[in-house]
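Numbering (this note's numbering), first residue to last: 589 to 961.
Comments concern the structure below.
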């Protein structure tokens with residue numbers, strides 16, 4: 589290579605490395621290029637047909653190209669219900685929750701939780717909230733959302749918008765015996781477990797008195813702190829000391845906000861806004877919060893100095909990131925949602941579905957961060 593071409597190549601490489609550095613990728617990672625280390629993750633795959641009643645829990649291993657796909661369990665369930673889960677601390681088994689066959693579709697607490705490993709699945713407990721996702725803490729604790737339906741309001745009050753108030757709890761689950769121990773009990777419309785922070789569970793609650801994000805101490809179930817918010821929040825993700833989410837703007841009927849609460853101070857910040865469709869938060873490799881609005885083809889990043897992890901033209905929705913930031917699971921909305929695992933450096937994409945399937949991501953074997961819940 590002559591001197592001019594060498595200098596040109598060096599300039600191109602230098603520019604590429606600057607861009608990768610902005611994305612939180614080191615020079616060593618860039619130089620490894622396609623030498624991607626193998627990663628393992630679990631998904632639940634369900635045929636993309638109306639009335640589907642059977643799903644597979646699969647272990648997938650890849651290096652940017654599919655290497656291994658192994659079915660661990662086939663689960664029979666009520667029609668069209670999601671199956672959601674988390675990876676246990678032994679990194680060899682999972683907990684998944686779903687509504688089984690034959691349940692009353694009007695029962696909001698008909699889900700059960702199973703433990704799944706390479707030998708199959710086994711039921712642990714019942715009475716979980718519909719469409720719930722079990723949560724495993726950093727020290728291996730397992731927590732589930734459960735409840736008991738309250739009395740329906742009189743017809744006149746129901747027609748005026750009054751809702752049923754339920755008895756709700758978040759219980760610690762023993763993954764060996766299936767025994768349950770309530771951590772917190774509460775009466776309201778919903779109590780959604782977002783994640784953990786500094787020895788507390790982060791919980792979103794809505795009741796007749798309003799809505800809040802609360803920190804509930806795992807040790808004794810007491811409330812460490814709480815922050816009142818509007819009662820239409822959704823799509824939560826914990827990033828460092830903040831929890832980000834979308835919520836409705838009470839001042840403008842068709843405006844939606846992406847907001848974040850600093851869990852140290854309870855300061856509430858609005859990071860962005862959209863019209864008509866609620867924004868969905870995501871996190872890039874450097875821990876910067878961005879948002880995706882379904883109508884947009886490119887993400888919006890709160891800190892304009894940062895380059896988003898997935899700043900390309902595909903309308904990807906980031907769902908979770910591997911613990912080392914090397915891979916991000918994304919869903920591409922369409923007639924049939926396509927779920928893929930994308931490498932931060934090489935941009936290699938591994939499709940996690942077979943044909944027309946919908947996929948629920950469970951977790952990476954080596955750990956998962958920034959999970960959208």
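Note that CB positions come from ideal geometry on N, CA and C, so glycine has one too.
Small disclaimer: the values here were computed from a predicted structure and weren't measured.
Straight-line CA distance for residue i to residue j?
i           : j           : result
residue 720 : residue 735 : 11 angstroms
residue 694 : residue 795 : 20 angstroms
residue 913 : residue 793 : 30 angstroms
residue 633 : residue 836 : 32 angstroms
residue 864 : residue 766 : 43 angstroms
residue 757 : residue 716 : 9 angstroms
residue 809 : residue 652 : 43 angstroms
residue 655 : residue 935 : 17 angstroms
residue 728 : residue 742 : 44 angstroms
residue 832 : residue 631 : 24 angstroms
residue 761 : residue 660 : 22 angstroms
residue 857 : residue 709 : 43 angstroms
residue 649 : residue 712 : 27 angstroms
residue 667 : residue 940 : 22 angstroms
residue 658 : residue 664 : 18 angstroms
residue 669 : residue 844 : 27 angstroms
residue 839 : residue 961 : 26 angstroms
residue 673 : residue 929 : 18 angstroms
residue 884 : residue 905 : Because residue 884 carries a pLDDT of 45, less than 50, the predicted location of this residue cannot be relied on, and the following value inherits that uncertainty. Whole-angstrom Cα-Cα distance: 11 angstroms.
residue 932 : residue 942 : 23 angstroms
residue 957 : residue 725 : 11 angstroms
residue 814 : residue 752 : 23 angstroms
residue 834 : residue 819 : 11 angstroms
residue 647 : residue 938 : 14 angstroms
residue 626 : residue 730 : 27 angstroms
residue 700 : residue 773 : 19 angstroms
residue 915 : residue 624 : 10 angstroms
residue 853 : residue 821 : 20 angstroms
residue 866 : residue 848 : 14 angstroms
residue 707 : residue 862 : 46 angstroms
residue 780 : residue 732 : 10 angstroms
residue 801 : residue 750 : 22 angstroms
residue 823 : residue 926 : 19 angstroms
residue 830 : residue 846 : 13 angstroms
Quick one: what's residue i bridged to in DSSP?
i           : result
residue 688 : According to DSSP, which records beta bridges pairwise, residue 688 is partnered with nothing at all.
residue 929 : 917, 938
residue 857 : 848
residue 676 : Paired residue(s): none; residue 676 is not in a bridge.
residue 794 : 778, 799
residue 700 : 686, 714
residue 783 : 790
residue 843 : 863
residue 695 : For residue 695, which the question treats as bridged, DSSP gives no partner whatsoever.
residue 759 : 732, 770
residue 662 : 644
Which of the three DSSP states is assigned to residue i in this structure?
i           : result
residue 768 : strand
residue 743 : helix
residue 669 : coil
residue 953 : coil
residue 943 : coil
residue 867 : coil
residue 707 : coil
residue 773 : strand
residue 738 : coil
residue 906 : strand
residue 727 : coil
residue 804 : strand
residue 837 : coil
residue 647 : strand
residue 821 : coil
residue 625 : coil
When you compare the CB positions of residue i and residue j, do they come within less than 7 angstroms of one another, or not?
i           : j           : result
residue 677 : residue 705 : no
residue 908 : residue 917 : yes
residue 703 : residue 686 : no
residue 737 : residue 754 : yes
residue 791 : residue 827 : no
residue 812 : residue 788 : yes
residue 696 : residue 718 : yes
residue 782 : residue 799 : no
residue 825 : residue 763 : no
residue 951 : residue 911 : no
residue 785 : residue 859 : no
residue 635 : residue 683 : no
residue 689 : residue 953 : no
Closer than 6 angstroms: is that where the CB of residue i sits relative to any heavy atom of the ligand FAD?
i           : result
residue 797 : Among the components modelled here there is no ligand, and therefore nothing to report on the ligand FAD.
Determine, using beta-carbon pairs with one atom in the stretch 933–951 and one in the stretch 629–640, whether at least three such pairs fall under 8 angstroms. yes
Tell me, please, whether the stretch 738–748 touches the stretch 796–807 by the rule of three or more beta-carbon pairs shorter than 8 angstroms. They do not touch, by the three-pair rule.
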